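**Q** Quick one: this structure, given as structure tokens, is what I'll be asking you about.
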Amino acid sequence: MERVRGGVGGSLPPEGPARPDGELRTDGEDRARTGPLKRLWELSRPLDPFRSVQAALGALVIVSVVITTVLILLAYRSAIELRLIALIAVIASLLLTQFVAQGLAAPLTEMTAAARAMARGDYQRRVRVGRRDELGDLARAFNRMAADLQATDRHRKELVANVSHELRTPIAGLQAVLENVVDGVAEPDQKTMETALRQAERLGRLVEQLLDLSRLENGVVPLQPREFSVRAYLETVADNADWAAGRGHSRTDVRVHLDVQPEQLVASADPERLDQVVTNLVDNAVKHSPKDGRVTVVARPGQLPGGLVLEVRDEGPGIPADQRERVFERFGRAGLPGETPRDGGTGLGLAIAHWAVNLHGGTIAVVESASGCHIRLTLPGEDPGHRLT
Numbered sequence: 001m002e003r004v005r006g007g008v009g010g011s012l013p014p015e016g017p018a019r020p021d022g023e024l025r026t027d028g029e030d031r032a033r034t035g036p037l038k039r040l041w042e043l044s045r046p047l048d049p050f051r052s053v054q055a056a057l058g059a060l061v062i063v064s065v066v067i068t069t070v071l072i073l074l075a076y077r078s079a080i081e082l083r084l085i086a087l088i089a090v091i092a093s094l095l096l097t098q099f100v101a102q103g104l105a106a107p108l109t110e111m112t113a114a115a116r117a118m119a120r121g122d123y124q125r126r127v128r129v130g131r132r133d134e135l136g137d138l139a140r141a142f143n144r145m146a147a148d149l150q151a152t153d154r155h156r157k158e159l160v161a162n163v164s165h166e167l168r169t170p171i172a173g174l175q176a177v178l179e180n181v182v183d184g185v186a187e188p189d190q191k192t193m194e195t196a197l198r199q200a201e202r203l204g205r206l207v208e209q210l211l212d213l214s215r216l217e218n219g220v221v222p223l224q225p226r227e228f229s230v231r232a233y234l235e236t237v238a239d240n241a242d243w244a245a246g247r248g249h250s251r252t253d254v255r256v257h258l259d260v261q262p263e264q265l266v267a268s269a270d271p272e273r274l275d276q277v278v279t280n281l282v283d284n285a286v287k288h289s290p291k292d293g294r295v296t297v298v299a300r301p302g303q304l305p306g307g308l309v310l311e312v313r314d315e316g317p318g319i320p321a322d323q324r325e326r327v328f329e330r331f332g333r334a335g336l337p338g339e340t341p342r343d344g345g346t347g348l349g350l351a352i353a354h355w356a357v358n359l360h361g362g363t364i365a366v367v368e369s370a371s372g373c374h375i376r377l378t379l380p381g382e383d384p385g386h387r388l389t
């Protein structure tokens, strides 16, 4: 379990020419803006200034009536036959209607083309947003949906790559140990078996993390809150960290210090779900601490009976301010200098911690600190019953 420090790992190639507001242009619009079709493109969207489709249709009716009235007045003031004037009025109204219909249909045509491209897997497509009416709102919602789908597709690909990487390492280690035993290169002594067990345990932790992700996706998990001694609970967490270090699962040069006040502090929460949070935070802090560093777990009572304010502090490089929200997103990472995308594991640890805290009705966030990373979680202490993430 690692503290994944920001973005979604790895850099991506540019996704197309960017607008000032960050949206992507369509290919057609790019051509129109750089070639002789610029004026025609702008004229094909005559309804952009209107704030509603109803207003645009009202303007169409008014302009049609004005044209017809002007032509009829011309007929009375000249020798032109009324039938010819009526024919001209009908033709003018039809042309105007076609012009307005093109303005109404243009964004829908763009969205249809973009939707078909997205169905083929091209999630970089966007539609032009220049209108202020209902179709403009629809175009903006469409672009947000396209961006979400693009991010989800990127996350899916990265999850497959990261999980494949995480699985391959322990499987290769376990396979090597077993092959050595079978080939007679190594004896099935305690040290060899401990190495094999360590790799199997690593696989088990990854599977458990993926199961937690499945629970997060389903959204409903019952809580079983009860009162417990915070000091005793955190000592168990620290003992588990020492045990993991002794078995080679984590570093042995980092010390975990507990600061619980008052000593008899009691909290009300689901210990199993809380363990997902605290263990993740401590493991992440240990991983990113400097050599011979120190991780401090601070516990204080909350505002309500049974409430808890818990903070995990390390002496590592910290998390950039502009990436502190993203670290709690699924697959989110905050890239640190010298850290590659696969150094951060699956990118699920802090997302699962955020989910478990939300189940309790609490909050978790990266707080400002002079050095290192400080992550604070607050539990209300009340029994929230069953909550949705």
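What the sequence shown shows, in UniProt numbering, is residues 1 to 389, in sequence order.
Cβ atoms here follow ideal geometry from the backbone N, Cα and C, with glycine treated the same way.
Just so it is clear, the structure is predicted and the values come from calculations on it, not from any experiment.
#1: Considering only their Cβ atoms, is the gap separating Ala365 from Arg273 smaller than 9 angstroms?
#2: Based on Cα-Cα distance, which residue from Val298, Glu325, Gln323, Ala269 lies nearest to Pro380?
#3: What residue range does the beta strand (DSSP E) around Leu377 cover?
#4: Are the stretch 175-195 and the stretch 145-160 in contact at 8 angstroms, needing three or more beta carbon pairs?
#5: Below 8 angstroms, how does it come out for the stretch 296-309 and the stretch 106-125: are there three or more Cβ pairs, yes or no?
#6: Measure the C-alpha to C-alpha separation of Leu377 and Ala113 and round it to an integer number of angstroms.
#7: Can you give me the C-alpha to C-alpha distance between Val367 and Ser229, rounded to a whole angstrom?
#8: Would Leu206 be called buried (16 or more neighbouring beta carbons within 10 Å of its own) or exposed?
#9: Quick one: is Gly22 buried, meaning 16 or more other Cβ sit within 10 Å of its Cβ, or exposed?
#10: Please determine if the stretch 312-326 and the stretch 275-295 are in contact, where contact requires at least 3 C-beta pairs separated by less than 8 angstroms.
#11: Taking the Cβ atom as the reference point for each residue, do Pro170 and Leu138 lie within a distance shorter than 9 angstroms?
#12: Alpha carbon to alpha carbon, how far is Tyr233 from Val312?
#13: Along the chain, where does the beta strand (DSSP E) containing Arg226 start, and where does it finish?
#14: Can you confirm whether Ala269, when its beta carbon is compared against all beta carbons of chain B, has any partner nearer than 9 angstroms?
#15: Does the Cβ of Arg77 have 16 or more other Cβ atoms within 10 Å, making it buried, or fewer, making it exposed?
#16: To the nearest angstrom, report how far apart Ile375 and Arg326 are at their CA atoms.
#17: Assign Gly302 to one of two classes, buried (16 or more other C-beta atoms within 10 Å of its C-beta) or exposed (fewer than that).
#18: Would you mind giving the Cβ-Cβ distance between Leu304 and Gln209, rounded to the nearest angstrom? I have them listed as a contact below 8 angstroms.
#19: Among residues of its own chain, excluding the 5 on either side of Glu187, which ones have a beta-carbon nearer than 8 angstroms to its beta-carbon?
#20: Is Pro225 buried or exposed, if buried means 16 or more other CB atoms sit within 10 Å of its CB?
#21: Mind checking which residues open and close the beta strand (DSSP E) that includes Thr363?
#22: Determine the closest residue to Ala105 out of Glu235, Arg128, Val61, Gln199, with distance taken between C-alpha atoms.
#23: If you reduce the DSSP assignment to three classes, tell me which class His257 lands in.
#24: Grouping DSSP H, G and I as helix and E and B as strand, with all else coil, what is Thr296?
#25: Do Leu258 and Val286 have their C-beta atoms closer together than 9 angstroms?
#26: Tell whether a beta-carbon distance below 9 angstroms holds between Leu174 and Leu203.
#27: For Leu274, name the three-state secondary structure that DSSP assigns.
#28: Spatial neighbours of Leu71 within its chain, please: CB distance less than 7 angstroms, with the 5 preceding and 5 following residues excluded, ordered by chain position.
#29: Enumerate in chain order the residues of its own chain whose CB-to-CB distance from Asp253 is below 7 angstroms, with the five nearest sequence positions on each side excluded.
#30: Using only CA atoms, which one of Asp275, Asp239, Ala299 lies nearest to Gln261?
#31: Check each candidate in Arg144, Val266, Ser64 and name the one with the smallest Cα separation from Ala115.
#32: Comparing C-alpha positions only, which one of Ile67, Met111, Asp322 sits nearest to Gly136?
#33: Taking just the CA atoms, how far does Gln102 sit from Val65?
#34: Check whether the Cβ atoms of Val266 and Val237 lie closer than 9 angstroms to each other.
**A** Answer, in terms of the structure:
#1: Not in contact: Arg273 and Ala365 (Cβ atoms no closer than 9 angstroms).
#2: Checked all of Val298, Glu325, Gln323, Ala269; the closest Cα to Pro380 is Ala269.
#3: Unbroken beta strand (DSSP E) run through Leu377: 374-379.
#4: Because the criterion of three Cβ pairs below 8 angstroms is not met, the stretch 175-195 and the stretch 145-160 do not touch.
#5: The answer is no - the stretch 106-125 does not touch the stretch 296-309, with fewer than three Cβ pairs under 8 angstroms.
#6: In a straight line, the C-alpha of Leu377 is about 46 angstroms away from that of Ala113.
#7: If I take the Cα positions, the gap works out to 25 angstroms.
#8: Flag for Leu206 reads buried.
#9: Residue placement at Gly22 cannot be trusted, given a pLDDT of 40 that sits under 50; the coordinates are not used to answer.
#10: Using a Cβ-Cβ distance cut-off of 8 angstroms, the stretch 312-326 and the stretch 275-295 are in contact, since at least three pairs of beta carbons, one from each stretch, lie closer than that value.
#11: The Cβ atoms of Pro170 and Leu138 lie no closer than 9 angstroms to each other.
#12: The C-alpha of Tyr233 lies about 15 angstroms from the C-alpha of Val312.
#13: Residues 226-229.
#14: The question asks about chain B, but that chain is absent: this structure has only one protein chain.
#15: The residue in question, Arg77, is exposed, as its Cβ has fewer than 16 Cβ neighbours within 10 Å.
#16: Cα-Cα distance, rounded: 13 angstroms.
#17: Gly302 is buried by the Cβ-count criterion.
#18: Taking the Cβ atoms as the reference, Leu304 lies roughly 31 angstroms from Gln209, outside the contact range of under 8 angstroms.
#19: The answer, listed in chain order, is Val181.
#20: Looking at its Cβ environment, which holds 16 or more other Cβ atoms inside 10 Å, Pro225 is buried.
#21: Counting along the chain, the beta strand (DSSP E) containing Thr363 begins and ends at 363-367.
#22: Answer by Cα proximity: Arg128.
#23: Strand, per DSSP.
#24: Of the three classes helix, strand and coil, the one that applies to Thr296 here is strand, per DSSP.
#25: Taking C-beta atoms as the reference points, Leu258 and Val286 fail to come closer than 9 angstroms.
#26: For Leu174 and Leu203, yes; Cβs fall inside 9 angstroms.
#27: The answer is helix: DSSP assigns Leu274 an H, G or I state.
#28: Cβ within range, chain order: Ile85, Ile88, Ala89.
#29: Cβ within range, chain order: Lys291, Asp292.
#30: For the residues Asp275, Asp239, Ala299, the minimum Cα distance to Gln261 belongs to Ala299.
#31: Check the Cα spacing between Ala115 and each of Arg144, Val266, Ser64: the tightest is with Arg144.
#32: For Gly136, the nearest C-alpha among the options comes from Met111.
#33: One Cα belongs to Val65, the other to Gln102, and the distance between them is close to 20 angstroms.
#34: In terms of Cβ geometry, Val266 and Val237 do not form a close pair [threshold 9 angstroms].
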